[in-house]
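Notes follow the structure.
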Amino acid sequence: MTKSGTILFVAVHSLLTGICAQDPVSSHFYANSLQLNPSLAGIEGPSKVYIGYRNQWPNSGSAYITYQASYDQYVEKLHGGLGVNVFNDMQGDGVFNTYNLNVMYAYHFQATRRLFFSGGMQAGVGQRSFDPSSLVFGDMIDPVSGGISPGLTELIGYSKFYPDFSTGISAFSGIFYGGIAMHHIFSPVFTDKSDPEGTIPRKYTGHIGAMIPIYEKRSGREIMQLSPGLVAIRQQSVHQINYGLDLLYRNFFGGVWTRHDLVFNYGNIIFTAGYVSGNLRFRYSYDIKLLSPTIRLKNMGAHEFSLLIINYKSDRRKNRRAIKIPKI
Numbered sequence: 483m484t485k486s487g488t489i490l491f492v493a494v495h496s497l498l499t500g501i502c503a504q505d506p507v508s509s510h511f512y513a514n515s516l517q518l519n520p521s522l523a524g525i526e527g528p529s530k531v532y533i534g535y536r537n538q539w540p541n542s543g544s545a546y547i548t549y550q551a552s553y554d555q556y557v558e559k560l561h562g563g564l565g566v567n568v569f570n571d572m573q574g575d576g577v578f579n580t581y582n583l584n585v586m587y588a589y590h591f592q593a594t595r596r597l598f599f600s601g602g603m604q605a606g607v608g609q610r611s612f613d614p615s616s617l618v619f620g621d622m623i624d625p626v627s628g629g630i631s632p633g634l635t636e637l638i639g640y641s642k643f644y645p646d647f648s649t650g651i652s653a654f655s656g657i658f659y660g661g662i663a664m665h666h667i668f669s670p671v672f673t674d675k676s677d678p679e680g681t682i683p684r685k686y687t688g689h690i691g692a693m694i695p696i697y698e699k700r701s702g703r704e705i706m707q708l709s710p711g712l713v714a715i716r717q718q719s720v721h722q723i724n725y726g727l728d729l730l731y732r733n734f735f736g737g738v739w740t741r742h743d744l745v746f747n748y749g750n751i752i753f754t755a756g757y758v759s760g761n762l763r764f765r766y767s768y769d770i771k772l773l774s775p776t777i778r779l780k781n782m783g784a785h786e787f788s789l790l791i792i793n794y795k796s797d798r799r800k801n802r803r804a805i806k807i808p809k810i
């Protein structure tokens with residue numbers, strides 16, 4: 483399928499199947515933890531800057547591209563973490579475009595020596611736009627000359643700002659962690675109010691995992707970590723289950739994850755690898771489509787990159803045990 487064909491497919495498919503906006507897919511849940519659950523703001527302690535990029539269907543033009551960035555840090559006077567997250571999701575080379583800016587606060591509470599809780603709230607603003615000017619339909623093409631002229635098909639673009647709110651809670655005990663979150667609490671409207679389909683449906687997320695240390699028998703020194711995890715997401719009719727295992731050895735890590743719905747109508751296997759050193763962390767993953775869709779494109783995979791920059795000097799917490807959670 484050509485680039486223009488991909489753009490047309492994305493736009494028309496979105497219009498015919500309902501204009502409800504689903505959140506972009508991600509394979510790096512804990513790299514940009516603020517996108518996963520607002521209660522994770524500042525949970526690691528030091529200030530962190532995250533930059534992320536995802537290209538879905540990379541050999542089919544700019545079908546689905548997502549840019550993300552965030553900052554979060556623990557603030558001792560507030561007994562919790564502050565964070566800000568921005569992202570831009572483009573579909574069909576910008577035919578559909580979404581921008582979001584969110585700020586969040588998470589209150590951290592230590593219940594016992596080993597049990598920690600965090601509850602977070604998030605408020606933000608989004609902009610959703612539809613620009614049909616680059617679309618070319620069959621009745622716009624002259625059958626003799628091949629020239630482009632205005633046709634009978636008329637689509638009206640729009641651009642809409644909307645408020646958005648989310649919340650979540652997390653718990654940490656020893657090597658285990660987990661949480662739940664609800665995004666788009668009030669199902670914000672991004673088109674005309676009379677359009678019942680022009681809303682962003684609530685998204686429910688549950689996540690759980692562990693950081694299991696592996697020790698060398700003779701020295702008792704930790705030589706690697708196993709990190710199994712599960713993330714379940716529901717947004718209207720979309721059900722998504724993600725689970726897998728990462729292995730961290732010294733400064734390198736790799737893992738294999740899978741993604742599918744409740745009845746295996748679709749599936750992806752996700753290969754991931756990365757490097758952790760000092761103040762920098764990097765992760766790359768590639769999604770491979772397991773089941774062929776009804777409409778076949780050249781490449782149904784996805785590239786995703788994440789970069790984290792950490793300032794450990796910004797962490798002034800005293801007499802507090804480290805919380806186990808994936809670093810990226």
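Going by my numbering, the letters in the sequence shown line up with residues 483 to 810, in that order. Backbone N, C-alpha and C fix where the C-beta goes; we use that ideal spot for every residue, glycine too. All values reported here derive from a predicted model rather than from experimental measurement.
- For the pair Gln-504 and Val-758, the CB atoms are not nearer than the 8 Å cut-off.
- Under DSSP, no beta-bridge partner is assigned to His-510.
- Classified as buried, Glu-526 has 16 or more neighbouring CB atoms from the shown chains inside 10 Å of its CB.
- Distances from the CA of Arg-684 to each of Phe-672, Gln-718, Gly-563 and Tyr-659 were compared; the closest alpha carbon is that of Gln-718.
- Per DSSP, the beta bridge partners of Trp-739 are Gly-726 and Ile-752.
- Tyr-535 and Val-566 have their C-alpha atoms some 17 Å from each other.
- Under the three-state reduction of DSSP output, Gln-718 falls in the coil class, being neither helix nor strand.
- Around the beta carbon of Pro-808, a 10 Å sphere encloses 16 or more other beta carbons of the protein chains shown; the residue is thus reported as buried.
- Sequence-distant Cβ neighbours of Gly-601 in its own chain, meaning closer than 6 Å and more than five residues away, are Ser-521, Tyr-589 and Ile-651.
- For Gln-504, the secondary structure class from DSSP, reduced to helix, strand or coil, is coil.
- Distances from the alpha-carbon of Gly-563 to those of Met-586, Ile-547 and Ala-551 put Met-586 closest.
- With contacts defined as CB atoms closer than 8 Å, Gly-691 and Leu-708 fail to qualify as a contacting pair.
- Ser-600 carries a strand assignment under DSSP once its states are collapsed to helix, strand and coil.
- Ranked by Cα distance from Ser-529, the options Lys-806, Asn-584, Ile-792 and Ile-805 are led by Ile-792.
- In chain order, Asn-537 and Met-572 place their CB closer than 6 Å to the CB of Ile-547, counting only its own chain and leaving out the 5 sequence neighbours on each side.
- Taking C-beta atoms under 8 Å as the contact rule, Gly-749 and Leu-772 qualify, at a distance of about 4 Å.
- Per the C-alpha coordinates, the member of Arg-595, Gly-756, His-742 and Thr-740 positioned closest to Ile-805 is Arg-595.
- When C-alpha distances from Arg-763 are compared across Phe-735, Gly-524, Pro-695 and Ser-655, the shortest belongs to Phe-735.
- The shortest C-alpha to C-alpha distance from Asn-514 to any of Leu-790, Val-557 and Tyr-556 is the one to Leu-790.
- Going by DSSP, Ser-521 is part of no alpha helix (DSSP H) at all; its letter is neither H nor E.
- DSSP, reduced to helix, strand and coil, places Pro-540 outside both helices and strands of the structure shown, so it counts as coil.
- The C-beta of Glu-698 has fewer than 16 other C-beta atoms within 10 Å across all chains shown, which makes the residue exposed.
- Contact check for Asp-769 against Ser-509 passes: the beta carbons are separated by less than 8 Å.
- If you look at Ala-653, you'll find it in the beta strand (DSSP E) that goes 640-655.
- Comparing alpha-carbon positions, the option among Leu-583, Phe-612 and Ile-533 lying closest to Asp-575 turns out to be Phe-612.
- Under the three-state reduction of DSSP output, Pro-528 falls in the coil class, being neither helix nor strand.
- Ranked by Cα distance from Phe-654, the options Tyr-766, Gly-756 and His-689 are led by His-689.
- No Cβ-Cβ contact shorter than 8 Å links Asn-570 with Tyr-553.
- By the Cβ-count criterion, Pro-670 is buried, with 16 or more other Cβ atoms from all chains shown falling within 10 Å of its own Cβ.
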